[in-house]
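1 is the number of the first residue of the sequence shown in full-length UniProt numbering; add one for each residue after it.
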Amino acid sequence: MSLPFELPVLSSGVALVASLAVAGSYVGSLYLFKSSRLVFARPKTDGLRDAHERQRVPGEQWRNDPRVIKARLTAVSLSTALCCALVFALVWHAVPEHDAGLALETTLEFLGFAPDEQLFTPHLLTPLLFAGPLYVSYLDGSLPFQHLWSWQRSVKPIISTWEGVRNYIVGPITEEINFRSCVIAVLLLGGFHPGRLVFTAPLAFGIAHVHHAWDLYNRFGQTRQALQRAVITCLVQLTYTTLFGAFCTFLFLRTGSVLPTFTSHIFCNLYGLPNPVAASQEHSHRRPMIWFMHFFGVVAFSFMLWPWSHYRDTRYYWEF
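Here it is, written out as structure tokens:
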């Protein structure tokens, strides 16, 4: 499908401001409702050991409280829907004769909601990169249908708890629609080159996680050690999420679909940051193989990133 209008339809300045507003609206929505805001008291830190979470004080609201999670999921869902509506409004204003049907079709293309049954290999890239952690899971016996895996222990916590729904379903999907689909769509409408977006658009995604520092600082006692922990953790998270965001941006631009970014995000949330050092200590008899599989995953991912993300029907402005 060719575009029904010429790019850009926005000035670069307007597109940049709009993209920042889209990204900021996601984080801002977390504090929209009283029930979604974190509430901390001044705790007693006597006897609190470093690296240990403190006891809760009555009246506090922590991020894993079901009430807080439900309110925040509602807020980010509303924010994401409004951001999609913004992209539709921008496209509708640009299409000839303000054709609503054509605007909707074009908006869905821009947002990556044009699924195709042939779009399979991009979903394999993240599991390939995580060959090392997958091998460690095999050694642990926790892969599907191994002896430590069960529906009750491995699947039910994901789909039947509010933390699971947030971490592995609603959170990844709304974040990808907001930070990938909507942010990139607005920047493309502003004429930004796709290749440049791979390295710039993810910065907003990384910075959006910095607000977790406030939560960590308070939960670990509001001490100097808690502040150090919060800063270091958030710097690591900022780096990791920015790099991951660059990969998902690349994947989105190469495939023209947001679906592979969903699976990649969920997979990364399931496995977290790879830690071959800890795995080697736990399975010392398999140390060489653990390091080899981590190295193999990175090398294989590097070789397959380009061919496995290719999609023959990608529209011209996604190709770079």
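Note that the Cβ used here is the ideal one computed from N, Cα and C, for glycine as well.
Computed from a prediction, not measured in an experiment: that's the story for all the values here.
Delimiting residues of the alpha helix (DSSP H) encompassing residue i
{"i": "cysteine 248", "result": "224-255"}
{"i": "arginine 219", "result": "212-219"}
{"i": "asparagine 269", "result": "259-271"}
{"i": "lysine 34", "result": "Neither: lysine 34 is in no alpha helix (DSSP H) and is coded neither H nor E."}
{"i": "serine 281", "result": "In the sequence as displayed, the identity of residue 281 is glutamine instead of serine. From DSSP, the alpha helix (DSSP H) with glutamine 281 extends over 276-282."}
{"i": "tyrosine 168", "result": "Here tyrosine 168 belongs to no alpha helix (DSSP H), and DSSP marks it neither H nor E."}
{"i": "valine 155", "result": "That residue, valine 155, is in no alpha helix (DSSP H); it is neither H nor E in DSSP."}
{"i": "arginine 141", "result": "The sequence shown places glycine at residue 141, not arginine. Careful: glycine 141 lies outside any alpha helix (DSSP H) and carries neither H nor E."}
{"i": "arginine 286", "result": "That residue, arginine 286, is in no alpha helix (DSSP H); it is neither H nor E in DSSP."}
{"i": "leucine 203", "result": "202-207"}
{"i": "histidine 193", "result": "Per DSSP, histidine 193 belongs to no alpha helix (DSSP H) and is neither H nor E."}
{"i": "leucine 187", "result": "183-189"}
For residue j and residue i, believed in contact at Cβ under 8 Å, the rounded distance
{"i": "alanine 15", "j": "glycine 190", "result": "2 Å"}
{"i": "leucine 90", "j": "arginine 166", "result": "Not confirmed; about 30 Å, so no contact."}
{"i": "phenylalanine 262", "j": "proline 172", "result": "6 Å"}
{"i": "phenylalanine 33", "j": "alanine 75", "result": "6 Å"}
{"i": "leucine 187", "j": "serine 19", "result": "5 Å"}
{"i": "leucine 119", "j": "threonine 249", "result": "The pair is not a contact, with the Cβ atoms about 17 Å apart (cut-off 8 Å)."}
{"i": "phenylalanine 205", "j": "threonine 241", "result": "6 Å"}
{"i": "leucine 216", "j": "threonine 200", "result": "Incorrect: roughly 27 Å between the Cβ atoms, too far for contact."}
{"i": "serine 35", "j": "arginine 67", "result": "6 Å"}
{"i": "leucine 111", "j": "serine 181", "result": "4 Å"}
{"i": "proline 276", "j": "tryptophan 291", "result": "6 Å"}
{"i": "alanine 208", "j": "alanine 71", "result": "With a Cβ gap of about 18 Å, alanine 208 and alanine 71 do not count as contacting."}
{"i": "threonine 174", "j": "threonine 80", "result": "5 Å"}
Residue i - partner residues in DSSP beta bridges
{"i": "glutamine 61", "result": "Val39"}
Assigned secondary structure, residue i (DSSP; H/G/I helix, E/B strand, else coil)
{"i": "glutamate 176", "result": "helix"}
{"i": "histidine 147", "result": "coil"}
{"i": "leucine 111", "result": "helix"}
{"i": "residue 326", "result": "The structure shown has nothing for residue 326, since the chain only spans 1 to 320."}
{"i": "tyrosine 317", "result": "Because tyrosine 317 carries a pLDDT of 46, less than 50, the predicted location of this residue cannot be relied on, and no value is offered for it."}
{"i": "arginine 56", "result": "coil"}
{"i": "histidine 310", "result": "coil"}
{"i": "phenylalanine 130", "result": "coil"}
{"i": "valine 68", "result": "helix"}
{"i": "serine 79", "result": "helix"}
{"i": "leucine 125", "result": "helix"}
{"i": "serine 137", "result": "helix"}
{"i": "glycine 14", "result": "Before going on, a small fix: residue 14 reads as valine here, not glycine. Here valine 14 sits in helix by DSSP."}
{"i": "phenylalanine 299", "result": "Before going on, a small fix: residue 299 reads as valine here, not phenylalanine. Note: valine 299 maps to helix in three-state DSSP."}
Residue i burial status per 10 Å Cβ neighbour count (16 or more: buried)
{"i": "valine 198", "result": "buried"}
{"i": "leucine 125", "result": "buried"}
{"i": "histidine 193", "result": "exposed"}
{"i": "alanine 41", "result": "exposed"}
{"i": "tryptophan 308", "result": "buried"}
{"i": "leucine 7", "result": "exposed"}
{"i": "isoleucine 159", "result": "exposed"}
{"i": "proline 202", "result": "buried"}
{"i": "alanine 85", "result": "exposed"}
{"i": "serine 25", "result": "buried"}
{"i": "tyrosine 138", "result": "exposed"}
{"i": "histidine 52", "result": "exposed"}
{"i": "leucine 148", "result": "exposed"}
{"i": "arginine 37", "result": "exposed"}
{"i": "glycine 28", "result": "exposed"}
{"i": "alanine 226", "result": "buried"}
{"i": "serine 302", "result": "exposed"}
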